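In what follows, a single structure is set out as structure tokens and then discussed.
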Amino acid sequence: MGKSFDIGLERLTGIGVPGDGQPQEGGVKPPLPDVLADLKIGHYMDASGTIGAQPEMAVPQELTFYLETFGCQMNDHDSEKVAGVLLARGYRQVDGPEAAKVILYNTCSIREKAAQKVFSRLGELRPAASDLRQIASEEERSGELGAAATRAQAGVPVPQEPKHPSLRKIVNAGGGKIIGVLGCVAQQEGERIFERAPWVSLVCGSASYRKLPQLIAELEAGNRRVTGLDTDTDETFETEITRRDNPWRAYLTIIEGCDKACSYCVVPFTRGPERSRASASVLEEVRRLAEAGYSEVQLLGQTVNSYADPSARKMRFSELLAAVAEVRGIRRVRFTTSHPRDFGKDIVEVIEAHPTICDHVHLPVQSGSTAVLRTMARTYSREEYLDKIALMKAARRPISITTDMIVGFPGETEKDFEETLTLLDEVQYDSVFAFKYSPRPNTPSLKMADAIPEEEKGRRLAILMDRQREIQRLRNEKLIGETFEVLVDGKSRRENQWSGHTSSNRVMNFTSPERELLGDYVQVKVVSAMPNSLVGEMAGRT
Ligand code: SAM
Ligand code: SF4
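-5 is the number of the first residue of the sequence shown in my numbering; add one for each residue after it.
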């Protein structure tokens, strides 16, 4: 057998125990092994359920877009819908900003490092000073918002040349490019983005995405700057066409926003209040997805299990889960992220009753110390959280449990941190996504005393990751000799090497002489194990 890979369970955000064995954190996704990198598919599905590959017709540059996404699966899925909005207007997606008329960044601000990324991207697109001066004078003539900022920017004595020379045209009036910032940084920074980067023309937070077609139409009509920054909407973002990146797994947002107000978190500010989608509309989309050939659906929400059906049916989350699991053609149902407060026995019972619901629950705990949980405003104690874990451990089939943790929260003592470590031992998670606490704008924890020094946060993170890596190694080793069903979603350049996910969301790298397996469900016997993945041999088809 050739070289094996070891990447962990997928997570909503951040890096858990990455394959290189070094503890890391931040808002980026783990590097894909080349078995997965081989997959690059742009599929879309329209409202009628028709699925197709991105049209390859020759499209003028005015109708091309480049979209880069940072952060969580919800952002990935929002981007699929944003791409759908543009495809519906006749745009074609391109691989780089140089070839695009519209350049969009869908941003994440959950931690400081994630938020900074977009400004470094915008810096790469900075126009030449002469172009900025031209914009400034046009803005001044028309009394436009941002004129002063542009002038200040243009006044920089030694202009920095843009990294992409073709982007110098961005600022030319008329046929220029449109640069947009979407998502959480857009919502958080609002019009201040125009001051830092006057070459940006669109700033739109996720709670206003329903307005995106209108905003794009305004830009096409010649408006230089448009914003969508409301959070007081009770609507969710639904589109005629969703361009789906994965041909087998489809994401579906069932609840947007968050009402939980954890003291460290920007999400309630950037994504607005909770809004759930009507159950009939969710089920209709799942049926269309199944007809279009998707066999796995993943229900998404910042707190997916806080779902509150706005229709007269008033389905509970567990009832909706069961109904989705019963849709013909759907073989796997996943859901993320669950909040411990709203996680009850009904969810475990539904998982037990429906083999199509995957045996994996992501239940973020954040800390093992009740004192820290209280200052985090998480609404549960360590003991209450452990009661939820006990519900899952008592289930008739094993349920894989993963979590998120924050180390170095203000006031976290050595004893508090020790309690987080003992929680790892007690729960025996299959994966942990751990982060150093990052102070965020507008959040209550920003003003809390007893900040923990960065170096100490790093030390605690490293200790936590080491402890968890050992737990995962031992847990995965116990699986050697067992056989699991795997949905094959990656093919290596190396002969006979494939990759896929088990129902518990473990990555399985395996060998098979079959010529074509992508999208198939196969049985794989585990022959060896690493902390973040399993290695196996195909044992048959299912
Ligand atoms: N809604 C989910 C929940 O309640 O657990 C998680 C949403 S958040 C996008 C994903 C994770 O980012 C959180 O679970 C938390 O561990 C981490 N996170 C959020 N704010 C953070 C902050 N200010 N510093 C460090 N990590 C943070
Ligand atoms: Fe943020 Fe807490 Fe809401 Fe999760 S539940 S998104 S951590 S405020």
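Glycine included, C-beta positions come from ideal geometry on N, C-alpha and C.
Please read these numbers as outputs of a predicted model, since none were measured by experiment.
Taking 7 Å as the cut-off, is the C-beta of residue i nearer than that to any heavy atom in the ligand SF4?
{"i": "residue 333", "result": "yes"}
{"i": "residue 382", "result": "no"}
{"i": "residue 296", "result": "yes"}
{"i": "residue 76", "result": "no"}
{"i": "residue 319", "result": "no"}
{"i": "residue 261", "result": "yes"}
{"i": "residue 389", "result": "no"}
{"i": "residue 254", "result": "yes"}
Which of the three DSSP states is assigned to residue i in this structure?
{"i": "residue 422", "result": "coil"}
{"i": "residue 483", "result": "strand"}
{"i": "residue 103", "result": "coil"}
{"i": "residue 474", "result": "coil"}
{"i": "residue 248", "result": "coil"}
{"i": "residue 178", "result": "helix"}
{"i": "residue 316", "result": "helix"}
{"i": "residue 308", "result": "coil"}
{"i": "residue 268", "result": "coil"}
{"i": "residue 231", "result": "coil"}
{"i": "residue 240", "result": "coil"}
{"i": "residue 112", "result": "helix"}
{"i": "residue 530", "result": "strand"}
{"i": "residue 436", "result": "coil"}
{"i": "residue 61", "result": "strand"}
{"i": "residue 195", "result": "coil"}
{"i": "residue 523", "result": "strand"}
{"i": "residue 398", "result": "strand"}
{"i": "residue 173", "result": "strand"}
{"i": "residue 406", "result": "coil"}
{"i": "residue 373", "result": "coil"}
Tell me whether residue i is buried or exposed, calling it buried when 16 or more other Cβ atoms sit within 10 Å of its Cβ.
{"i": "residue 90", "result": "exposed"}
{"i": "residue 114", "result": "exposed"}
{"i": "residue 526", "result": "buried"}
{"i": "residue 523", "result": "buried"}
{"i": "residue 404", "result": "buried"}
{"i": "residue 151", "result": "Low confidence applies to residue 151: its pLDDT is 40, below 50, so where it sits in the model is not reliable enough to give any reading."}
{"i": "residue 406", "result": "buried"}
{"i": "residue -3", "result": "Unreliable placement is indicated for residue -3, whose pLDDT of 38 sits below 50; no coordinate value is reported for it."}
{"i": "residue 472", "result": "exposed"}
{"i": "residue 392", "result": "exposed"}
{"i": "residue 110", "result": "exposed"}
{"i": "residue 507", "result": "exposed"}
{"i": "residue 255", "result": "exposed"}
{"i": "residue 402", "result": "buried"}
{"i": "residue 95", "result": "buried"}
{"i": "residue 416", "result": "exposed"}
{"i": "residue 436", "result": "exposed"}
{"i": "residue 409", "result": "exposed"}
{"i": "residue 339", "result": "exposed"}
Is the beta carbon of residue j closer than 8 Å to that of residue i?
{"i": "residue 238", "j": "residue 250", "result": "no"}
{"i": "residue 203", "j": "residue 88", "result": "no"}
{"i": "residue 327", "j": "residue 298", "result": "no"}
{"i": "residue 373", "j": "residue 257", "result": "no"}
{"i": "residue 496", "j": "residue 516", "result": "no"}
{"i": "residue 269", "j": "residue 224", "result": "no"}
{"i": "residue 556", "j": "residue 220", "result": "The first residue shown for the chain is -5 and the last is 536, placing residue 556 beyond what the model contains."}
{"i": "residue 67", "j": "residue 315", "result": "no"}
{"i": "residue 357", "j": "residue 397", "result": "yes"}
{"i": "residue 78", "j": "residue 236", "result": "yes"}
{"i": "residue 493", "j": "residue 414", "result": "no"}
{"i": "residue 394", "j": "residue 498", "result": "yes"}
Cβ of residue i versus every heavy atom of the ligand SAM: is any distance shorter than 7 Å?
{"i": "residue 207", "result": "no"}
{"i": "residue 66", "result": "yes"}
{"i": "residue 178", "result": "no"}
{"i": "residue 328", "result": "no"}
{"i": "residue 410", "result": "no"}
{"i": "residue 265", "result": "no"}
{"i": "residue 446", "result": "no"}
{"i": "residue 423", "result": "no"}
{"i": "residue 120", "result": "no"}
{"i": "residue 358", "result": "yes"}
For the ligand FAD, is there a heavy atom less than 7 Å away from the beta-carbon of residue i?
{"i": "residue 438", "result": "Absent from the structure shown: the ligand FAD. Ligands present: the ligand SAM and the ligand SF4."}
Inter-stretch contact at 8 Å, needing at least 3 Cβ pairs: the segment 279 to 289 / the segment 195 to 213:
no
Between the segment 477 to 495 and the segment 446 to 458, do three or more beta carbon pairs fall short of 8 Å?
no
Segment contact, 8 Å Cβ cut-off, at least three pairs: the segment 95 to 104 with the segment 177 to 193
yes
Give a yes or no on contact between the segment 329 to 346 and the segment 306 to 318, applying the rule of three or more CB pairs nearer than 8 Å.
The segment 329 to 346, when compared against the segment 306 to 318, does touch it at the 8 Å Cβ threshold.
The segment 422 to 429 contacting the segment 465 to 474, beta-carbon criterion three pairs below 8 Å
yes
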